[in-house]
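Written out below as structure tokens is the structure these notes cover.
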Amino acid sequence: VNPALAVCFELVCSMANRTLSQATQIQLLHGFYAELHAANALDLLFPASTMTLGERLARYLGVEPGADHTLETIAPHFAMSRASLVRKLAAEGRSFRQLLTQVRMSHALTLLQQALTPLEVALACGYDSPSRFAARFKQEFGLPPHQYLRTCPSVNAQRRVNSG
């Protein structure tokens with residue numbers, strides 16, 4: 018530990034025993050952060066997430082899978098440009114479109130199991146056209162939504178109860 022960092026650490030630790038204004042406390046913390054940065058030790062205080070960018074992006078998209086997500090609207094939420102987001106995802110072997118599709122299709126499976134109609138599911142997953150949704154679903158899972166529904170006994174039973 019370098020001497021400047023030790024002094025800053027002592028000052029920050031002693032703040033609890035002193036009557037300092039909030040502005041002064043903030044300045045002391047900023048000084049401590051600056052010394053951590055200068056010592057290349059800031060990551061010890063604020064460790065990087067263990068989640069990949071793709072995982073963080075999938076989590077973000079999963080909050081509203083049906084929203085009109087674009088690279089231009091998403092990139093600022095990750096504090097990067099559109100080009101940086103594309104490049105970093107490519108380094109992970111992923112693309113924005115692939116992730117968005119995976120998130121939406123996973124959401125579609127959940128909604129279909131809740132006995133929603135394919136039209137309701139398509140709209141909730143960001144598709145304006147039920148036929149485009151069905152084509153994407155088939156591409157992802159190998160069968161269209163209506164055939165998938167036949168493989169879900171609990172959904173079929175619930176549909177019979179709701180219609181009867």
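End of the sequence shown = 181 in the working numbering, gap-free, step of one.
We put the CB at the ideal spot given by N, CA and C, even for glycine.
The structure presented is a predicted model; accordingly, all values stated were derived computationally and were not measured.
>> Within 8 Å, do at least three Cβ pairs link the segment 78-98 to the segment 111-127?
In response: Counting C-beta pairs with one atom in each stretch, the segment 111-127 and the segment 78-98 have three or more that are closer than 8 Å, which means they touch.
> If residue 147 sits next to residue 155, beta carbons under 8 Å apart, how far is it from one beta carbon to the other, in whole angstroms?
Replying inline: If you number the sequence shown from 1, residue 147 lands on position 130. If you number the sequence shown from 1, residue 155 lands on position 138. So it is not a contact: roughly 12 Å between Cβ atoms.
> Out of curiosity, what's the CA-to-CA distance linking residue 48 and residue 30?
Replying inline: On the sequence shown, residue 48 is found 31 positions in, with the first residue counted as 1. On the sequence shown, residue 30 is found 13 positions in, with the first residue counted as 1. Answer to the nearest angstrom: the Cα atoms are 13 Å apart.
> How would you label residue 62, buried or exposed, when you count the other beta carbons within 10 angstroms and need 16 or more for buried?
Replying inline: Your numbering for residue 62 matches position 45 in the sequence shown. Result: exposed.
>> Taking the alpha carbon of residue 95 as the reference point, which residue from 110, 165, 114, 70 has its own alpha carbon closest?
In response: Counting from 1 along the sequence shown, the entry for residue 95 is found at position 78. Out of 110, 165, 114, 70, 70 has the C-alpha closest to the C-alpha of residue 95.
>> Can you give me the C-alpha to C-alpha distance between residue 113 and residue 128, rounded to a whole angstrom?
In response: Along the sequence shown, read from residue 1 onward, the residue named residue 113 stands at position 96. Along the sequence shown, read from residue 1 onward, the residue named residue 128 stands at position 111. Cα-Cα distance, rounded: 22 Å.
>> Since residue 78 and residue 92 should fall inside the 8 Å C-beta cutoff, what is the C-beta to C-beta distance between them, to a whole number of angstroms?
In response: By 1-based counting over the sequence shown, the position of residue 78 is 61. By 1-based counting over the sequence shown, the position of residue 92 is 75. A Cβ-Cβ separation of about 13 Å leaves residue 78 out of contact with residue 92 under the 8 Å criterion.
> Which residues in the same chain as residue 100 place their Cβ atom closer than 8 Å to its Cβ, once the five residues preceding and following it in sequence are excluded?
Replying inline: Residue 100 sits at position 83 when you count from the first residue of the sequence shown. Within its own chain, no residue has a Cβ closer than 8 Å to the Cβ of residue 100 once the five positions on either side in sequence are excluded.
>> Can you look up residue 135 in the DSSP assignment and give me helix, strand or coil?
In response: Against the sequence shown, residue 135 aligns to sequence position 118. If DSSP states are grouped into helix, strand and coil, residue 135 belongs with the helices.
> Using a Cβ-Cβ cut-off of 7 Å (strictly less than) and excluding sequence neighbours within five positions of residue 19, which residues of its own chain qualify?
Replying inline: As a position in the sequence shown, residue 19 is number 2, starting the count at 1. Excluding residues up to 5 positions away in sequence, 56 lie with their Cβ nearer than 7 Å to the Cβ of residue 19 in the same chain.
> Is residue 38 helix, strand or coil when you go by DSSP?
Replying inline: Here the question's residue 38 lines up with position 21 in the sequence shown. Residue state, collapsed to three classes: coil.
>> Looking at the secondary structure, which residues open and close the alpha helix (DSSP H) in which residue 188 lies?
In response: Examination of residue 188 is not possible in this model, given that the chain is present from 18 through 181 alone.
>> Please classify residue 135 as buried or exposed, where buried requires at least 16 other C-beta atoms within 10 Å of its C-beta.
In response: By one-based count along the sequence shown, residue 135 stands at place 118. With 16 or more other Cβ atoms within 10 Å, it is buried.
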